[in-house]
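Quick notes on the structure that follows.
If you want it as structure tokens, here you go:
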């Protein structure tokens, strides 16, 4: 066994000396190539915003699914100020709506131009918040008007009990109305890979290739 190990060690050492330059060049080349490709790759920026959905019985924007359907609809995109016709069409595919919870969504889009990504998402978020606020305020006003109407109604006997029960129900429904909130304003992040990290990855790949060249012949040797 010791003799066999000695032979394997000597064989590996002999191969190492013979292929030293190649084994050294491989990780150097993979490192340089990885760094160069990462630095030359076109940078992409992602604009994101996080929204807590409003809650109102009459609203179509209470859930992530309904909000997504509305945000990507032609009707909504046409209402967004600051977008030209081409941007409206592209936005339907570019805009991503991801549910974080049952009431929180993240809106995002990507573009090679960092400022463009931000400038396109901002009006989308603004218009969505405007419409969502409108729906919640409209429903809240409807309930409050109904409360005033019921409070001004003159009743007696059993009608008084029913009146109080109805008022309690209306006031409870008012409390359940929640306005939408912009939890995180529109911000951008660079999505391109860090050249230094890519270089380290390239180095590791190169070292693995060199190790394979050095050791694999022994594994498959009869």
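Numbering (the working numbering), first residue to last: 40 to 261. Here a beta-carbon is modelled for each residue, glycine too, at the ideal position from N, C-alpha and C.
Residue 52 classed as buried or exposed, judged by whether at least 16 other C-beta atoms fall within 10 angstroms: Label assigned to residue 52: exposed.
Supposed contact pair residue 227 and residue 85 - C-beta distance, whole angstroms, cut 8 Å: The distance from the Cβ of residue 85 to that of residue 227 is about 7 Å, consistent with a contact at the 8 Å cut-off.
Terminal residues of the continuous beta strand (DSSP E) containing residue 223? Per DSSP, residue 223 belongs to the beta strand (DSSP E) from 220-229.
Sheet register partners of residue 91 (DSSP bridge): In DSSP, residue 91 forms a bridge with 143 and 220.
Quick one: what does DSSP say residue 98 is sitting in, helix, strand or coil? Looking at residue 98 - three-state DSSP - the assignment turns out to be coil, as it is neither helix nor strand.
What are the start and end residues of the alpha helix (DSSP H) that includes residue 159? For residue 159, the enclosing alpha helix (DSSP H) has its first and last residue at 153-190.
Among the residues of its own chain, which have a CB less than 7 Å from the CB of residue 131, if the five just before and after it don't count? Correct list, in chain order: 111 and 116.
If you drop the 5 nearest sequence neighbours on each side, which residues of the same chain put their C-beta closer than 7 Å to that of residue 124? Excluding sequence positions up to five before and after residue 124, its CB lies less than 7 Å from no other CB in the same chain.
Kindly list the residues whose CB is nearer than 6 Å to the CB of residue 62, restricted to its own chain and excluding five residues on each side of it in sequence; keep chain order. For residue 62, where only same-chain residues beyond five positions count, the Cβ hits under 6 Å are 249.
What does DSSP give as the partner residues of residue 148 in its beta bridges? Assignment of beta-bridge partners to residue 148 by DSSP yields 86.
Extent of the continuous alpha helix (DSSP H) run through residue 244: Residue 244 -> alpha helix (DSSP H) spans 234-259.
With distances taken Cα to Cα, identify the nearest neighbour of residue 94 among 106, 152, 224 and 163. Ranking the options by Cα distance to residue 94, first place goes to 106.
Considering only C-alpha positions, which residue in the set 192, 239, 200 and 186 is nearest to residue 213? Answer by Cα proximity: 186.
Considering only C-alpha positions, which residue in the set 147, 121 and 162 is nearest to residue 83? Measuring from the Cα of residue 83, the nearest candidate turns out to be 147.
Look at the alpha carbon of residue 141 and the alpha carbon of residue 126, and state the distance between them as a whole number of angstroms. Residue 141 and residue 126: Cα-Cα distance of roughly 29 Å.
Put residue 43 into one of helix, strand or coil per three-state DSSP. In the three-state scheme derived from DSSP, where H, G and I count as helix and E and B as strand, residue 43 is classed as helix.
Candidates 121, 128, 67 and 54: which alpha carbon is nearest residue 164's? The candidate whose alpha carbon is nearest that of residue 164 is 121.
Could you check what DSSP says for residue 137 in three-state terms: helix, strand or coil? In the structure shown, the three-state DSSP call for residue 137 is strand.
Using a Cβ-Cβ cut-off of 6 Å (strictly less than) and excluding sequence neighbours within five positions of residue 137, which residues of its own chain qualify? 145, listed in sequence order.
Work out the CA separation of residue 235 and residue 173 for me, nearest whole Å. Answer to the nearest angstrom: the Cα atoms are 49 Å apart.
Going by beta carbon distance, what residues of the same chain come within less than 8 Å of residue 178, once the five residues before and after it are set aside? Same-chain partners within the cutoff: 95, 96, 97, 98 and 216.
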